[in-house]
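Q: Here you go, one structure.
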Amino acid sequence: MAAQRLTLEDPGFWRRPLQDRMDDFAVMSDAAPFTRSSIVNGLTGEREEYYAVTRFAELTEVSRRPQDFCSGRGSISIVDMPAEAQEYFGSFIAMDDPRHFRQRSIVARSFTPKALQNVLDSVETICTEVIDAMCEQGEVDLVEALSQPFPLLVICDMMGIPRSEFTTVLDATNVILGAGDPEFLGGREPFPAMLEAGMTLTAMMDELAAARRANPTDDLTSALVHNDLGEEMLAPEEIAPFFILLAVAGNDTTRTATSLGMHLLAQNPEQRRIWQDDLDGVTPTAVEEIVRAASPVTFMRRTATKPVTLSGHDFDEGDRMILFYGAANRDPRVFDDPHRFDVRRDPNPHVGFGGPGPHFCLGAHLARRELSVVFRQLLTRLPDIEVVG
């Protein structure tokens with residue numbers, strides 16, 4: 003494998019197929035637990051350094067030590083978030099305790115399996131609706147027809163956002179997720195376009211939250227802003243950043259896992275047959291394997307809070323640690339034959355929903371439900387579906 007392929011600094015690295023990137027990460031991981039790299043900040047033009055964390059043991063250790071490696075300094079992205087973006091994107095995922103604990107605790111009350119039961123029940127109905135529409139089209143772009151609308155419809159219904167606003171939410175989240183992709187910018191510069199998308203979603207949620215404070219219903223927005231038990235609620239300025247987090251991160255996890263999951267099944271027809279032959283028995287492990295193999299969250303950043311030593315390496319305060327979940331999910335020290343897609347893989351201690359610790363994905367239960375439903379429907383309703391492009 004050519005050494006020149008092993009650079010995270012080359013933009014071409016991220017345009018290569020997933021397996022090629024994972025092969026390169028494997029070489030990095032074999033060489034050392036941390037790889038020093040850098041990225042050009044698109045706003046300032048300055049090159050900023052970071053450490054790529056690619057091994058499972060080190061990634062999980064960083065995740066479970068927020069006192070040493072925090073989330074609230076600058077950003078959870080590689081480069082710092084500009085101050086003017088904090089109003090829209092400064093959710094609790096980019097906070098440390100006690101602020102993180104307070105907001106997450108409030109939201110977590112509405113994310114238990116019991117509290118989510120109505121939402122979990124609706125997932126099947128929404129999935130059926132989306133696949134019905136897809137079937138009417140014949141040959142489709144799977145992302146546009148299924149992977150993209152399905153999880154976002156679940157989130158919008160859960161929050162109480164009317165279907166008439168769905169296209170607005172979809173367009174705004176695509177701008178944010180696209181991170182500068184010209185397809186979604188409409189000729190605008192990336193950062194102003196992201197700010198505009200954030201403002202659009204914030205205005206929508208501010209209006210909805212005000213309506214639910216006055217007249218609560220049974221949706222999640224009502225639960226977050228109104229109750230009769232004297233429990234603390236999210237402050238008005240905290241609602242929109244939470245929704246943006248949910249609409250972007252929660253949506254993208256299922257979107258990416260659905261798309262890559264279908265790609266993996268097309269590449270591994272024997273695994274598809276195993277799953278189809280035993281839907282009830284294989285679905286739980288197959289969903290976990292899709293999350294491991296797809297690793298829909300590419301990375302998160304942690305920042306050293308003080309001088310600290312990990313696995314024999316000394317880090318200074320302020321050093322940035324970028325946790326590459328896909329690389330850790332293919333660590334041969336943890337996973338047998340890690341590059342093989344195995345729908346019956348067990349055990350499967352993947353970090354596809356984040357590492358252990360206070361920032362483990364709050365919506366993992368919902369994402370698992372969505373993936374279970376969508377693949378069961380695809381494999382039963384469309385057993386001969388083919389990937390043609």
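Under the working numbering, read the sequence shown as residues 3 to 391, first letter to last.
Using N, Cα and C, we set each Cβ at its ideal position, and we do this for glycine too.
Because the structure is a prediction, the values reported are computed rather than measured.
Rounded to a whole number of angstroms, what is the C-alpha to C-alpha distance between E272 and Q278?
A: Here residue 272 refers to the residue found at position 270 of the sequence shown. Here residue 278 refers to the residue found at position 276 of the sequence shown. Roughly 10 Å separates the two Cα atoms.
Q: Which residues bound the alpha helix (DSSP H) around A225?
A: Your numbering for residue 225 matches position 223 in the sequence shown. 222 to 227 is the extent of the alpha helix (DSSP H) around A225.
Q: Output needed for G320: all residues of its chain with C-beta closer than 8 Å, excluding positions within five of it in sequence on either side, in chain order.
A: Start at 1 with the first residue of the sequence shown, and residue 320 comes out as number 318. Closer than 8 Å at Cβ, skipping near neighbours: R75, T305, A306.
Q: Are the beta-carbon atoms belonging to S39 and L61 less than 8 Å from one another?
A: As a first step, residue 39 is located in the sequence shown; it is residue number 37 there, counting from the start. As a first step, residue 61 is located in the sequence shown; it is residue number 59 there, counting from the start. Contact: no.
Q: May I ask you to report which of helix, strand or coil DSSP gives F41?
A: Numbered from 1 along the sequence shown, position 39 holds the residue referred to as residue 41. The sequence shown places Ile at residue 41, rather than the Phe named in the question. Three-state result, I41: strand.
Q: Starting from the C-beta of L222, find all residues in its chain whose C-beta is less than 6 Å away, skip the five residues before and the five after it, and write them out in chain order.
A: The residue given as residue 222 occupies position 220 in the sequence shown. The residues are S112, M160, M161.
Q: Note down the Cα distance separating G365 from G252, rounded to an integer number of angstroms.
A: The residue you call residue 365 lines up with position 363 of the sequence shown. The residue you call residue 252 lines up with position 250 of the sequence shown. Taking the straight line from one Cα to the other gives about 7 Å.
Q: For A268, tell me which candidate among V177, I292, V132, E131 has the shortest Cα-Cα distance.
A: By 1-based counting over the sequence shown, the position of residue 268 is 266. Of the candidates V177, I292, V132, E131, the one whose C-alpha sits nearest the C-alpha of A268 is I292.
Q: If the criterion is Cβ atoms closer than 8 Å, does the pair V156 and I163 meet it?
A: Walking along the sequence shown from the start, residue 156 turns up at place 154. Walking along the sequence shown from the start, residue 163 turns up at place 161. Not in contact: V156 and I163 (Cβ atoms no closer than 8 Å).
Q: Which of the three DSSP states is assigned to V310 in this structure?
A: What you label residue 310 is simply residue 308 of the sequence shown in a count that begins at 1. Of the three classes helix, strand and coil, the one that applies to V310 here is strand, per DSSP.
Q: Taking the alpha-carbon positions, what's the V227 to E290 distance?
A: Stepping through the sequence shown from its first residue, residue 227 is reached at position 225. Stepping through the sequence shown from its first residue, residue 290 is reached at position 288. Cα-Cα distance, rounded: 33 Å.
Q: Between which residues of its own chain and A211 is the CB-CB distance below 7 Å, once the five residues before and five after are set aside?
A: Against the sequence shown, residue 211 aligns to sequence position 209. Only T223, V227, P238, I241 meet the Cβ criterion.
Q: Let me know the secondary structure DSSP gives L325 once reduced to three states.
A: As a first step, residue 325 must be located in the sequence shown, where it is residue number 323. DSSP places L325 in strand when its eight states are reduced to three.
Q: In angstroms with no decimal places, state the Cα-to-Cα distance between A135 and S149.
A: On the sequence shown, residue 135 is found 133 positions in, with the first residue counted as 1. On the sequence shown, residue 149 is found 147 positions in, with the first residue counted as 1. The straight-line gap from Cα to Cα measures roughly 13 Å.
Q: Can you list, in chain order, the residues of its chain with a C-beta nearer than 7 Å to that of H352? Leave out the 5 residues immediately preceding and following it.
A: As a position in the sequence shown, residue 352 is number 350, starting the count at 1. E290, V293, R294, N331, listed in sequence order.
Q: When DSSP builds the beta bridges, which residues end up paired with E72?
A: As a first step, residue 72 is located in the sequence shown; it is residue number 70 there, counting from the start. Note on residue identity: the sequence assigns Cys, not Glu, to residue 72. Answer is T305.
Q: Can you tell me whether DSSP reads F36 as helix, strand or coil?
A: To locate residue 36, count along the sequence shown from 1; it is residue 34. In this structure, F36 counts as strand in the three-state DSSP scheme.
Q: Can you name, in chain order, every residue of its own chain whose Cβ lies under 7 Å from the Cβ of P151, other than the five neighbours on each side?
A: Here residue 151 refers to the residue found at position 149 when the sequence shown is read from its first residue. Counting only Cβ-Cβ distances below 7 Å, and skipping sequence neighbours, we find V132.
Q: Would you list the one or two residues that DSSP bridges to H315?
A: One-based indexing of the sequence shown puts residue 315 at position 313. According to DSSP, which records beta bridges pairwise, H315 is partnered with L312.
Q: In whole angstroms, what separates the C-alpha of G232 from that of P334?
A: As a working note, residue 232 is residue 230 in the sequence shown. As a working note, residue 334 is residue 332 in the sequence shown. Their Cα atoms are separated by approximately 50 Å.
Q: Helix, strand or coil: how does DSSP classify V55 here?
A: Translated into positions along the sequence shown, residue 55 becomes position 53. Three-state result, V55: strand.
Q: What separation, rounded to the nearest whole angstrom, lies between the Cα atoms of P192 and D348?
A: Residue 192 sits at position 190 when you count from the first residue of the sequence shown. Residue 348 sits at position 346 when you count from the first residue of the sequence shown. Their Cα atoms are separated by approximately 42 Å.
Q: Helix, strand or coil, according to DSSP, for R383 in the structure here?
A: Here residue 383 corresponds to residue number 381 of the sequence shown, with the count starting at 1. DSSP places R383 in helix when its eight states are reduced to three.
Q: Give a yes or no on whether the C-beta atoms belonging to Q88 and M97 are separated by under 8 Å.
A: On the sequence shown, position 86 is the one that residue 88 refers to. On the sequence shown, position 95 is the one that residue 97 refers to. No, the pair does not count as a contact, with Cβ atoms beyond the cut-off.
Q: Measuring alpha carbon to alpha carbon, tell me which residue in G44, M30, S374 is nearest F58.
A: Counting from 1 along the sequence shown, the entry for residue 58 is found at position 56. Checked all of G44, M30, S374; the closest Cα to F58 is M30.
Q: In chain order, what residues of the same chain lie with their CB nearer than 6 Å to the CB of V145, ignoring the 5 residues before and after it?
A: Position 143 of the sequence shown, counting from 1, holds the residue named residue 145. Result list for V145: S261, in chain order.
Q: Would you list the one or two residues that DSSP bridges to R214?
A: Counted from its first residue, the sequence shown places residue 214 at position 212. Looking at the DSSP assignment, R214 forms no beta bridge with any residue, so it has no partner.
Q: On a Cα-Cα basis, can you pick out the residue from D282, G180, A199 that is closest to T258?
A: Along the sequence shown, one-based indexing puts residue 258 at 256. When each option's Cα is compared against that of T258, the closest is G180.
Q: Would you please state the rounded distance, in angstroms, between the beta carbons of M302 and F245? I believe it to be under 8 Å.
A: Looking up residue 302 in the sequence shown gives position 300. Looking up residue 245 in the sequence shown gives position 243. Rounded, the Cβ-Cβ distance is 20 Å, inconsistent with contact.
Q: In the DSSP assignment, what residue or residues form a beta bridge with R49?
A: Sequence index remark: in the sequence shown, residue 49 carries index 47 (1-based). DSSP output for R49 lists V42 as bridge partner(s).
Q: Pull up the CB-CB distance for A369 and T256, whole angstroms please, since I reckon it's below 8 Å.
A: Here residue 369 is taken as the residue at index 367 of the sequence shown, counted from 1. Here residue 256 is taken as the residue at index 254 of the sequence shown, counted from 1. About 5 Å; that satisfies the 8 Å criterion.
Q: Tell me whether P100 sits in a helix, a strand or coil according to DSSP, three-state version.
A: Residue numbering aside, residue 100 sits at position 98 when the sequence shown is read from its first letter. Three-state result, P100: coil.
Q: Name the residue from A249, V375, R342, A329 whose alpha carbon lies nearest to the alpha carbon of P35.
A: Within the sequence shown, the letter at position 33 stands for residue 35. Nearest option by C-alpha distance: A329.
Q: Is it the case that the Cβ atoms of F71 and V81 are separated by a distance below 8 Å?
A: Position 69 of the sequence shown, counted from the first residue, corresponds to residue 71. Position 79 of the sequence shown, counted from the first residue, corresponds to residue 81. In this structure, V81 does not lie closer than 8 Å to F71 by Cβ.
Q: Would you report the Cα separation of Q6 and P100, rounded to the nearest angstrom?
A: For the purposes of this step, residue 6 is taken as the residue at position 4 of the sequence shown. For the purposes of this step, residue 100 is taken as the residue at position 98 of the sequence shown. Bear in mind that the predicted position of Q6 carries a pLDDT of just 46, short of 50, making it unreliable; the figure below should be weighed with that in mind. Approximately 44 Å, taken between the alpha carbons.
Q: Could you check whether I108 and M235 sit closer than 8 Å to each other, using their CB atoms as the reference points?
A: Reading the sequence shown from its first residue, position 233 is the one you call residue 235. Reading the sequence shown from its first residue, position 106 is the one you call residue 108. Taking 8 Å as the Cβ cut-off, M235 and I108 qualify as a contacting pair.
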